[in-house]
Amino acid sequence: MALSTTASDEAELREAIRAFIAEHDPASVPSAEFNNARFDAGLAAVTYPVGHGGRGLARGLQAVADAEFARAGAPERDQARNVIGLGMAAPTILAYGTGEQISRWLRPLWTCEEIWCQLFSEPGAGSDVAGLATRAVKDGDEWVVNGQKVWTSLAHHAKWGLLVARTDPDVPKHAGLSYFVIDMEQPGVEVRPLRQATGEAEFNEVFLTDARVPDANRLGNVGDGWKVATTTLMNERVSIGSGRSVPREEGVIGYAAASWRQHPERRGHDAHQRLLRLWAESEVARLAGERLRQQMAAGEPGPEGSAAKLTMARLNQQITGWEIEFEAEDGLRYDDWTMRRDATRGYERGPGFRYLRSKGNSIEGGTSEVLRNIIAERVLGLPAEQRADKGVAWKDIPR
Amino acid sequence: MTVDLLYTDDERTLADAVRSLLADRAPVTGLIKRVEQPDTYDAGLWRTAAAEIGLAGLLIPEALGGAGASYREAAAVAEEFGAGVAPVPYLGSAVVATTALLAAARASAGRAEGTAPSPAAALLKRLASGDATAALAVEFSAFPPALPAAGVRVSGARPGDDEDGVTRLRGTVRSVADALPAGVLLVPADGVPGALYAVEADAPGVHVAPVVSLDMTRQLADITFDDAPGRRVAAGEAADAAVADALTAGAVVLAAEQLGLAQRCLDMTVAYVKERKQFARPVGSFQAIKHRLADLWTAIAQARAASRYAAACLAAGDPDTAVAAALAKSACGDVAVLAAEEAVQLHGGIGFTWEHPAHLYLKRAKAAAVGFGTAGAHRETLAALVNLPAPA
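Here the protein sequences come in this chain order: A and B.
Residue numbering for the first sequence follows our numbering, beginning at 48 and increasing consecutively.
Residue numbering for the second sequence follows our numbering, beginning at 8 and increasing consecutively.
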């Protein structure tokens, strides 16, 4: 990917989009046809390589393309359901996929006709995901997979899963993993909802029983699964920092501030002091997110993504905790404990939901404790934790 | 939002020059001896910074002999002075007093063609040359937008004063930062109208008494004016605006200084815990220590965005400057104290000794947390600025 952009890159991009729109009128061409043609014209994601939906341009120019297409009334894609595909699968496939694999997967991924999920975490492998136990055993041109995955968002919609499985239990844990793309629509894959503290089930458990993956669906070499998975996880953190700019008071602080303004009769001095602190910290965190985006656009990717996530998790929890207290008796009511499979509504549900859901923020996508280890070791260069399983064959690790 | 929150190449170059100068001329180990002297300012260091890097006139327009730089550069420089806990009057003279004079000079810019330059412009020329430094005679704890209560009043004129353009001032201002080395004192005084006066520090009736200060790297002074002669540089609303601008600039640039101090405390502490061994391993390998330092790094990353935003707003005259200043001074003030306190604690016994410089950082951080408004005071100004009113 190019790190810097030039004015001519931008002018050429705008010209190419206008020429494309002239030939594909968004008002008359069906959505699927339009998006597939857009991919083939190299105007999907500008960072994708030439011949694979893009033109190898800098990330910063994506906003230019998005704005041009939005102005022309280009059809939406189901991006919300394919966040794993777009944010994590695509960069991993581009980094490790063969030309054939990229050609097979990238276009329906980008158009969101095929939804993706990620099969990493297991009941016995959370923060220590490299210790995972799902086995893949070679059988001719295929691998036979047995095991259980958990916290799998979108598995019930997914066509494809990014799977890390153990292919060699006789070597230390990181060395015995391989990375596959598994077809989720097969008899050996069972997806069950996983209900969480909020009452709904955003996530799934995935049971793999003699599920099959062709060897042609392996990304990277046998035994290189950890390296490939690291690429996926790095992109998960990158995606935190590369989102859009957000306005002041977006997010949970907006609910708290609005409630304060609406309810003068509930105001107290302690609540006021705490709210001012939370407001200031939220606004500073917003500026830090903006600074991170600017760093990335300037080609200085910083490790601040981990700091952004740590801070966001802490603030969301503190603010929503404040809200329950400030709302008093209203904070003691909850809208509905019925299990919902697909949450169509989020934080707008109410203070109780916000309070409970934000408890997940310091666990999902790397616990705050693991993030602190990452910052301490990779940013500050402090010595790594002493590990009892270092150099030990996976099968010999006590568990 | 289009505000640039990164550092430009020019800002980096300027900061590098200051860092090299301090490493060369004012290593922190040498400061430990200096802070026991009656007057701790390093005049030689400041002369070099003024002459070689042009810091005395950094914010002063080129037409008046300055560098014509903005508050973004001023903040980048302040980070280095914070990192080096340098005993120079940069903040008080090149930022706070200079900002007051720039506002006063703007207010009198309508003067007729061909008349002498305004007193403020003349003073700015003098500051830019490095011949003198100035200090705004307000308590270090004064914070924007509240104006400090003037402890100084106009007193009876002496014969000849009117012809000389002199006003007599009487009163006391306590705990003024960067006044000890100042050649010129800018004094807000009550009268009809209230005005801002320039007083030569060596004039009869001016007494500048050094204070044994919590932070001897920015030593305070108590100033008494006993019918001291002042010349008016701004009056009425223009004087109030000049003082308010100066306090806002002081808060924003001091926030940058606090950020630089915090980063240096983190760097020193990380280096130390990698090297210090107990229980046969570096103490920095214990998670209890790693997590504290990770949290500190996180807080500094946040504060840096606030500091850059405030400097950029101030440089651009952005309408959000008041909010930005409150965010920066509260975030950076808190993080500097946290960083210095963590530095003392995580250095263990050596961090509590006089011979180790950690205490210089602790004292500077805590004093700076009060200077130009505590974090809490700044957060309270947000109540009115962002419509989160206090309980009735």
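The C-beta atom is built at its ideal place from N, Cα and C for all residues, glycine as well.
For clarity, every value in this text was computed on a predicted model and none was experimentally measured.
Terminal residues of the continuous alpha helix (DSSP H) containing residue i?
{"i": "histidine 221/A", "result": "No alpha helix (DSSP H) holds histidine 221/A; DSSP gives it neither H nor E."}
{"i": "aspartate 113/A", "result": "109-118"}
{"i": "valine 351/B", "result": "328-353"}
{"i": "cysteine 320/B", "result": "294-323"}
{"i": "arginine 54/B", "result": "50-60"}
{"i": "leucine 109/B", "result": "105-114"}
{"i": "aspartate 383/A", "result": "Careful: aspartate 383/A lies outside any alpha helix (DSSP H) and carries neither H nor E."}
For residue i, which residues in the same chain have their Cβ closer than 8 angstroms to its Cβ, ignoring the five residues on either side in sequence?
{"i": "tryptophan 369/A", "result": "Ala303, Ala318, Arg321, Leu322, Leu325"}
{"i": "glutamate 232/A", "result": "Lys206"}
{"i": "alanine 335/A", "result": "Glu351, Ala354, Ala355, Thr358"}
{"i": "alanine 332/A", "result": "Ala355, Thr358, Met359, Leu362"}
{"i": "leucine 429/A", "result": "Ala423"}
{"i": "alanine 137/A", "result": "Ala92, Tyr95, Leu153, Leu156, Trp157"}
How would you list, in chain order, the residues of chain A whose beta-carbon sits under 8 angstroms from the beta-carbon of residue i?
{"i": "threonine 328/B", "result": "None at all; the shortest Cβ gap to chain A is about 14 angstroms."}
{"i": "proline 151/B", "result": "By Cβ distance, chain A contributes nothing, its closest Cβ being about 16 angstroms from proline 151/B, past 8 angstroms."}
{"i": "aspartate 325/B", "result": "Under the 8 angstroms cutoff, chain A gives no residues; its nearest Cβ is about 13 angstroms from aspartate 325/B."}
{"i": "valine 277/B", "result": "Leu427, Gly428, Leu429"}
{"i": "valine 280/B", "result": "Leu429"}
Can you name the start and end residues of the beta strand (DSSP E) that residue i belongs to?
{"i": "aspartate 125/A", "result": "It is not in any beta strand (DSSP E) - aspartate 125/A carries neither H nor E in the DSSP assignment."}
{"i": "leucine 241/A", "result": "236-241"}
{"i": "glutamine 433/A", "result": "First-last for glutamine 433/A: undefined, no H or E at that position."}
{"i": "leucine 143/B", "result": "141-143"}
Residues in its own chain within less than 6 angstroms of residue i by CB, not counting five upstream and five downstream?
{"i": "tyrosine 279/B", "result": "His354"}
{"i": "tryptophan 441/A", "result": "Pro216, Lys220, Gly223"}
{"i": "alanine 331/B", "result": "Tyr316, Ala317, Cys320"}
{"i": "glycine 178/B", "result": "Gly158, Val159, Arg160, Phe232"}
{"i": "threonine 53/A", "result": "none"}
Taking residue i as the query, report the chain B residues whose CB atoms sit under 9 angstroms from its CB, ordered along the chain.
{"i": "arginine 338/A", "result": "Leu12, Leu13, Ala308, Arg311, Ala312, Arg315, Tyr316"}
{"i": "arginine 314/A", "result": "Pro396, Ala397, Pro398, Ala399"}
{"i": "proline 311/A", "result": "Pro396, Pro398, Ala399"}
{"i": "valine 331/A", "result": "Gln309, Ala310, Ala312, Ala313, Tyr316, Leu334, Ala335, Ser337, Ala338"}
{"i": "glutamine 342/A", "result": "Leu12, Leu13"}
{"i": "tryptophan 326/A", "result": "Arg386, Leu389, Val393, Leu395"}
{"i": "alanine 105/A", "result": "Those within 9 angstroms of alanine 105/A in chain B number zero; the least Cβ separation is about 16 angstroms."}
{"i": "leucine 357/A", "result": "Ala301, Asp302, Thr305"}
Within the present structure, is the beta-carbon of residue i separated from the nearest heavy atom of the ligand MN by less than 7 angstroms?
{"i": "glutamate 123/A", "result": "Among the components of this structure there are no ligands whatsoever, and the ligand MN is therefore not found."}
Quick one: residues in its chain with C-beta nearer than 7 angstroms to the C-beta of residue i, no 5 flanking neighbours on either side, listed in chain order?
{"i": "leucine 71/B", "result": "Ala128, Leu131, Lys132, Ala135"}
{"i": "asparagine 251/A", "result": "Thr199, Ala202, His203, Val238, Arg239, Pro240, Leu241"}
{"i": "glycine 91/B", "result": "Leu29, Ala33, Val35"}
{"i": "proline 217/B", "result": "Pro45, Asp46, Leu187, Gln226, Ala228"}
{"i": "proline 396/B", "result": "Ala390"}
{"i": "alanine 119/A", "result": "Ile68, Pro73"}
{"i": "arginine 102/A", "result": "Gly89, Val93"}
{"i": "isoleucine 357/B", "result": "His363"}
Give the DSSP bridge partners of residue i, in chain order.
{"i": "glutamine 285/B", "result": "Arg288/B"}
{"i": "glutamate 244/B", "result": "Answer is none; glutamate 244/B lacks a bridge partner."}
{"i": "arginine 265/A", "result": "Phe227/A"}
{"i": "asparagine 251/A", "result": "Pro240/A"}
{"i": "phenylalanine 150/B", "result": "In DSSP, phenylalanine 150/B forms no bridge with anything."}
{"i": "aspartate 389/A", "result": "The partner list for aspartate 389/A (beta bridge, DSSP) is empty, contrary to what the question assumes."}
{"i": "arginine 259/A", "result": "Val191/A"}
Can you pull the chain B neighbours of residue i, defined as C-beta to C-beta under 8 angstroms?
{"i": "histidine 319/A", "result": "Ala390, Leu395, Ala397, Pro398"}
{"i": "alanine 119/A", "result": "Those do not exist, as alanine 119/A stays about 24 angstroms from chain B at its closest Cβ, beyond 8 angstroms."}
{"i": "alanine 360/A", "result": "Within 8 angstroms Cβ-Cβ: nothing; alanine 360/A doesn't reach chain B, min ~11 angstroms."}
{"i": "alanine 435/A", "result": "What alanine 435/A touches in chain B: nothing, since even the nearest Cβ is about 14 angstroms away."}
{"i": "glutamate 351/A", "result": "Ala308"}
{"i": "leucine 323/A", "result": "Arg386, Glu387, Leu389, Ala390, Leu395"}
{"i": "alanine 354/A", "result": "Trp304, Thr305, Ala308, Gln309"}
In chain A, which residues lie less than 9 angstroms from residue i when you measure between Cβ atoms?
{"i": "glutamine 294/B", "result": "Glu416, Arg419, Asn420, Ala423, Glu432"}
{"i": "serine 7/B", "result": "The structure shown does not extend to residue 7/B, since chain B spans only 8 to 399, so no value can be given for it."}
Cβ closer than 7 angstroms: which chain B residues qualify as neighbours of residue i?
{"i": "leucine 426/A", "result": "Looking at the sequence provided, one finds valine at residue 426/A rather than leucine. Correct list: Trp304."}
{"i": "tryptophan 307/A", "result": "Leu395"}
{"i": "leucine 108/A", "result": "What leucine 108/A touches in chain B: nothing, since even the nearest Cβ is about 17 angstroms away."}
So which residues on chain A does residue i lean against when the C-beta distance must stay under 7 angstroms?
{"i": "glycine 291/B", "result": "Leu429, Pro430"}
{"i": "lysine 370/B", "result": "By Cβ distance, chain A contributes nothing, its closest Cβ being about 25 angstroms from lysine 370/B, past 7 angstroms."}
Please compile the residues from chain E whose C-beta is within a distance smaller than 9 angstroms of the C-beta of residue i.
{"i": "alanine 346/B", "result": "Protein chains A and B are contained in the structure displayed, whereas chain E is not."}
- Item | Contiguous beta strand (DSSP E) assignments of at least 3 residues, all confined to the segment 295-370 of chain A | none
- Task: Quick one: which unbroken beta strand (DSSP E) runs of 3-plus residues sit fully inside the segment 158-245 of chain B? Chain order, please.
- Result: 159-161, 174-184, 191-196, 202-207, 213-217, 227-242
- Counting only runs of 3+ residues fully inside the segment 138-210 of chain A, write out the beta strand (DSSP E) ranges in chain order. 163-166, 182-186, 189-197
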